[in-house]
Amino acid sequence: VMETYWHDGYTAISACCACGGGQVSHINGLWQVMRGPCTIEEECILSPNYPGNYSDNERCTILVNSTLAKPLKTIHWDVEYWFDYLHISGTFYSGRNDPQGVVPAGSIQWSADEDTHGTGWKLCASDEALTTTTAGVAEITEAATTSEPSTSSSTSPEPSVPA
Numbered sequence: 001v002m003e004t005y006w007h008d009g010y011t012a013i014s015a016c017c018a019c020g021g022g023q024v025s026h027i028n029g030l031w032q033v034m035r036g037p038c039t040i041e042e043e044c045i046l047s048p049n050y051p052g053n054y055s056d057n058e059r060c061t062i063l064v065n066s067t068l069a070k071p072l073k074t075i076h077w078d079v080e081y082w083f084d085y086l087h088i089s090g091t092f093y094s095g096r097n098d099p100q101g102v103v104p105a106g107s108i109q110w111s112a113d114e115d116t117h118g119t120g121w122k123l124c125a126s127d128e129a130l131t132t133t134t135a136g137v138a139e140i141t142e143a144a145t146t147s148e149p150s151t152s153s154s155t156s157p158e159p160s161v162p163a
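Each residue of the sequence shown is one higher than the last, beginning at 1 in the UniProt record's numbering.
Given below as structure tokens:
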């Protein structure tokens, strides 16, 4: 099993890097398809055969230039729940759970099984600022401090102050 490593716009595929057997490449632009039938269209990445249905047992690896990474904007998302998924920055996305707003790092992996096929996905780099909003009122939590009058008495002598 070969692993892909990424740092500062460069990738290395482990295959005995210490002995000079590894491969190193530079990512030109935001992302690069390392393997598989996924495609790039300007600042967007697309599932295989998009906008048509993706096929059985497909796998893709897309390398991300983290120095240029932007939040993802989901243009289209039709992926079978659980069995077909995108793996981005340690999280799996499938079914109704799309990666809207996620800032990818390292690589993006696509995996489809042999059953149900959707029309896949189209994800683009968003130019919008990354913001986090939540419903309701913002809540600030502070450590609880209680100040109550002390009723205990001390049996030790009061400190003396030199004159």
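Ideal placement from N, C-alpha and C gives every residue a C-beta, glycine not left out.
Exercise for the section: Output the distance between the C-alpha atoms of L123 and D115, rounded to the nearest integer angstrom. Expected result: Here residue 123 refers to the residue found at position 123 when the sequence shown is read from its first residue. Here residue 115 refers to the residue found at position 115 when the sequence shown is read from its first residue. If you take the alpha carbons of L123 and D115, they lie about 23 Å apart.
Item to complete: Compare the C-alpha of E128 against each of I108, H117 and V102 and name the closest.
Response: Along the sequence shown, read from residue 1 onward, the residue named residue 128 stands at position 128. Checked all of I108, H117 and V102; the closest Cα to E128 is V102.
>> Give me the residue from N53, A125 and I108 with the minimum Cα distance to V79.
In response: Taking the sequence shown and counting its residues from 1, one reaches residue 79 at position 79. Selected option, being the one with the closest Cα: N53.
6 Å CB neighbourhood of S66 in its chain, flanking five on each side removed: The residue given as residue 66 occupies position 66 in the sequence shown. Answer for S66: A105, listed in chain order.
query: In the DSSP assignment, what are the bridge partners of K70?
result: Reading the sequence shown from its first residue, position 70 is the one you call residue 70. Answer by DSSP bridge pairing: none, since K70 is not bridged.
Counting only the same chain and skipping the five closest in sequence on each side, list residues whose C-beta sits under 8 Å from that of D113. If you number the sequence shown from 1, residue 113 lands on position 113. These residues qualify, in order along the chain: D56, N57, E80, F83 and D84.
Are W121 and H76 close, meaning C-beta to C-beta below 8 Å? Working through the sequence shown from its first residue, we reach residue 121 at position 121. Working through the sequence shown from its first residue, we reach residue 76 at position 76. For W121 and H76, yes; Cβs fall inside 8 Å.
Notebook entry, point to check: Measuring CA to CA, which of F92, Q100, L68 and P99 is closest to Y31?
Noted result: For the purposes of this step, residue 31 is taken as the residue at position 31 of the sequence shown. The amino acid occupying residue 31 in the given sequence is Trp; Tyr does not appear at that position. With distances taken between Cα atoms, W31 lies closest to L68.
#### Entry: Local Cβ density within 10 Å of P51, reported as buried at 16 or more and exposed below that
In the sequence shown, residue 51 corresponds to position 51, counting from 1. Per the 10 Å Cβ criterion, exposed.
Review point. Buried or exposed: where does H117 fall if 16 or more other Cβ atoms within 10 Å of its Cβ makes it buried?
Key: Along the sequence shown, read from residue 1 onward, the residue named residue 117 stands at position 117. H117 comes out buried.
**OP:** Tell me, to the nearest whole angstrom, how far the beta carbon of C44 is from that of C60; I am working on the premise that it is less than 8 Å.
**Re:** As a position in the sequence shown, residue 44 is number 44, starting the count at 1. As a position in the sequence shown, residue 60 is number 60, starting the count at 1. Incorrect: roughly 14 Å between the Cβ atoms, too far for contact.
Extent of the continuous beta strand (DSSP E) run through G120: The residue given as residue 120 occupies position 120 in the sequence shown. Element bounds for G120: G120 to A125.
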